[in-house]
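The numbering used here runs 893 ahead of the 1-based position in the sequence shown.
Quick reminder that beta carbons are idealized off the backbone N, C-alpha and C, glycines included.
A quick note: this is a predicted structure, and the numbers were derived from the prediction, not measured.
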Amino acid sequence: MRPIQRTNPRTDRGRGRLRTYAAWLLALALVAVAATGGAAASPGVGTGQSAEQGDDRAASDEAFVVALEDDGDATVTVRVAFDLTDEAERAAFDSLRENETKRDRLEARTEQRFRTIAAEAASETGREMTVENVRTSFETVDGGDRGVVSVAADWRGLAATADGTLRVTEPFASGFTADRPVVLELPDGYELAASDPTPADRTAERAVWDANTSFEGYEAAIEPADDGGTAAEGTGDSLPGPGVVGSLVAIGGGVWLSRRR
């Protein structure tokens, strides 16, 4: 399997990764503080649960989700959960849902942060990346006892594409660790052909990494499935060489730390 081509010198790459790391932390902290309004939001599956325990809830609870498309674009979503049986958390959830000015401010600042990250990642990879259409959505789960705030953005050019294969590296492989599950949702008809580190849990539709997984040197290859998208469950093969999934992971960790303050 061919390694991803990188055009920048090592020194520039190192500086870029540090800037990307800092930008991710700021972006997640921004989402957490704005979403919670200072309330200590509930831990959900982001406090050390394994993917086996938390994967069923990863799509609607605490998680950092990257939903890939077959053209290399993606929707990147940070999900923050609230215990709506707690008065302070319910007040924080309702405040953001009902206050359009607060939501607009959150979305504008998040878009600015994400664009900074995309610019650094583009410099790292030599591939154009853009971020647009940041939006916020709200849902309740567990019979209304939990609320979930999702801040999502469309990320153009996130994965490299060549001969039908998608390769995910920057802005993720700069040594990040998240304190919540990281979910990679695959395009229809594709499977995770290789990944380093390997996911803790894997289905035909997604791969999930446990909270606190180190993504140092992460790289993933996603290829068309031979059988039409029925990839076997389990862990993927290791993929040699440096990569970039860790940067995204830092966002999730930053959110939780900020919320707990």
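According to DSSP, what are the bridge partners of residue i?
i, result
"residue 1115", "1059 and 1085"
"residue 1025", "1047"
"residue 975", "1040"
"residue 961", "967"
"residue 1067", "1109"
Would you report the Cα separation of residue i and residue j, rounded to the nearest angstrom?
i, j, result
"residue 962", "residue 1080", "5 Å"
"residue 1057", "residue 1116", "7 Å"
"residue 875", "residue 1078", "Nothing can be reported for residue 875, as the shown portion of the chain is limited to 894 through 1154."
"residue 1034", "residue 1084", "29 Å"
"residue 1036", "residue 983", "14 Å"
"residue 1119", "residue 1094", "21 Å"
"residue 1044", "residue 955", "12 Å"
"residue 1042", "residue 1032", "7 Å"
"residue 1157", "residue 989", "With the chain represented from 894 up to 1154, any question about residue 1157 goes unanswered, as that position is not in the structure."
"residue 977", "residue 991", "15 Å"
"residue 1064", "residue 985", "31 Å"
"residue 1014", "residue 1099", "23 Å"
"residue 1062", "residue 999", "27 Å"
"residue 1011", "residue 1049", "9 Å"
"residue 1103", "residue 1071", "8 Å"
"residue 981", "residue 1055", "49 Å"
"residue 1155", "residue 995", "A question about residue 1155 goes unanswered here, because the residues of the chain that appear run from 894 up to 1154."
"residue 1003", "residue 1038", "27 Å"
"residue 1108", "residue 1091", "10 Å"
"residue 1008", "residue 1024", "6 Å"
"residue 931", "residue 1082", "Because residue 931 sits at a pLDDT of 49, beneath the cut-off of 50, its placement in the model cannot be relied upon, and the following sentence gives the value as read from the coordinates. Answer to the nearest angstrom: the Cα atoms are 42 Å apart."
"residue 1026", "residue 1047", "6 Å"
"residue 1020", "residue 979", "45 Å"
Helix, strand or coil for residue i, going by three-state DSSP, please let me know.
i, result
"residue 901", "Annotation note: pLDDT 44 at residue 901 (below 50); position unreliable, coordinate value reported separately. In the structure shown, residue 901 sits in coil (DSSP, three-state: anything other than H, G, I, E or B)."
"residue 1032", "strand"
"residue 956", "strand"
"residue 1015", "helix"
"residue 1053", "strand"
"residue 1020", "coil"
"residue 1073", "coil"
Should residue i be flagged as near chain B, meaning a C-beta pair shorter than 7 Å?
i, result
"residue 1000", "The chain inventory of the structure shown lacks chain B, comprising one protein chain alone."
For residue i, count neighbouring Cβ atoms within 10 angstroms of its own Cβ and tell me buried if that reaches 16, exposed if not.
i, result
"residue 1067", "buried"
"residue 1112", "buried"
"residue 1060", "buried"
"residue 974", "buried"
"residue 997", "exposed"
"residue 1001", "exposed"
"residue 1016", "buried"
"residue 964", "exposed"
Taking the runs of the beta strand (DSSP E) that are 3 residues or longer, which of them lie wholly in the region 1076-1112? Counting only runs of 3 or more residues that sit fully inside the region 1076-1112, the beta strand (DSSP E) segments are 1083-1089, 1099-1102 and 1107-1109, in chain order.
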